[in-house]
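Residue numbers (my numbering): 289 to 567.
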C-alpha cells in the first residue's frame, strides 16, 4: 500500500513552507520546501531525502488566464461601486438593489451586510433623497452619515436640521426618531406643537424659555444646546444658555456666553446690560 501525507504553512500571503512524506508502507521519502508566488508567477524549491541520498527540485509555474475567484471578486466590487454611486446621489432604493445583488454574490462579506442592514432601516422611511434643494440635501447627508455609522450624533444633527426646514414631513421625523433611538438620545424629537409655522428650532426655543420660567435651568441649557448643535451662532439660544448659567450662580460662564452674543450682534443692548451686571 502506497501512501502520501503533506502540508503547507503560509508565512505571508506570498511565501509558504511545505513538507511531504511518502511510504509504501514504511517511509520511503521526506520532502521539505519553500514556495513563493507573485501575481501569476510561482517558484518552488524542495529538498527530498530518501534511501539513495537527497535530491533538490526546482519548479516555475505561470498561470495563464484569470481565475474564477478573481472574476467573481471583480463582479462584486463593480456592484458595490454602482451601489455607492447611487447612494451618494440619494437614489437609496437603487443602491439597495445593487447591494443586495452584491450580498447574494458574496454572502460572507460583513461590510456589505452591514450597509444593507442600515440602509434598509433608512429607506423604510425615506426611499430616496435626490436633487439640490436644501431639505433633500440635508436628508441625504444625514442618511449617508447614519449608514457610515461612525458618528450617529452628526447624523442626528443633520436630520434635525432637515426636519427644522420641513416640520410637516412625517416620514423624515420617523427617520430622525429611529436614528435618535440608535444614538441613545434620551428625548426624541417631536412635531412642533405651536402654530403651523413653528419649526424644530422654534419649538426648542419655546421649550428652553419655558424651562427657565419653571426654574429648570439644566433643562433650559439642554434645549438651548439642541439649537446650538444645528446653529452654533444662534443668538437666542446663546442668550438663554447665558441666563441659565447666571441663574445657577455661575456668573463667569454666563459672562463668556454673553460676550459671544455681543460678538455676533454688537447691537444687542439687552445682553450688554446683562454683562454690566456681572462685571
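Cβ coordinates follow ideal geometry from the N, Cα and C atoms, glycine included.
Measure the CB-CB distance between residue i and residue j and report whether it falls below 8 Å.
i	j	result
residue 380	residue 400	no
residue 475	residue 440	no
residue 323	residue 306	yes
residue 317	residue 336	yes
residue 549	residue 559	yes
residue 423	residue 394	no
residue 556	residue 519	no
residue 321	residue 303	no
residue 532	residue 494	no
residue 472	residue 418	no
residue 446	residue 468	no
residue 541	residue 563	no
residue 460	residue 477	no
residue 521	residue 552	yes
For residue i, tell me which candidate among the options has the shortest Cα-Cα distance.
i	options	result
residue 435	529, 466 and 403	403
residue 367	351, 377 and 384	384
residue 479	448, 502 and 499	448
residue 433	340, 566, 542 and 406	406
residue 376	546, 302, 351 and 428	428
residue 414	313, 296 and 430	430
residue 292	533, 314, 304 and 326	314
residue 362	382, 338, 351 and 390	390
residue 409	360, 466, 535 and 457	466
residue 339	359, 554, 551 and 312	312
residue 236	325, 327, 332 and 443	Any property of residue 236 remains undetermined from this structure, which presents the chain solely from 289 to 567.
residue 510	551, 386 and 496	496
residue 326	438, 300 and 309	300
residue 350	357, 328 and 359	328
residue 503	521, 481, 534 and 492	534
residue 382	396, 360 and 416	416
On the DSSP bridge list, what partners appear for residue i?
i	result
residue 306	296 and 321
residue 346	333
residue 360	BP columns for residue 360 are empty, so no partner.
Determine the DSSP secondary structure at residue i, reduced to helix, strand or coil.
i	result
residue 379	coil
residue 393	helix
residue 341	strand
residue 326	strand
residue 451	helix
residue 561	helix
residue 413	coil
residue 514	helix
residue 472	coil
residue 488	helix
residue 478	coil
residue 418	coil
residue 519	coil
residue 374	helix
residue 502	coil
residue 301	coil
residue 554	coil
residue 437	coil
residue 456	coil
residue 537	coil
residue 567	coil
residue 351	coil
Please confirm if residue i has its CB atom under 8 Å from at least one CB of chain D.
i	result
residue 474	Structure shown: chain D not included; a single protein chain is present.
>> Between the region 528–541 and the region 503–520, can you find at least three pairs of beta-carbon atoms closer than 8 Å?
In response: yes
> Looking at C-beta atoms only, is the number of pairs between the region 449–464 and the region 486–499 that lie closer than 8 Å three or more?
Replying inline: yes
>> If contact is defined by three or more beta carbon pairs under 8 Å, each pair taking one atom from either stretch, is the region 365–375 in contact with the region 337–349?
In response: no
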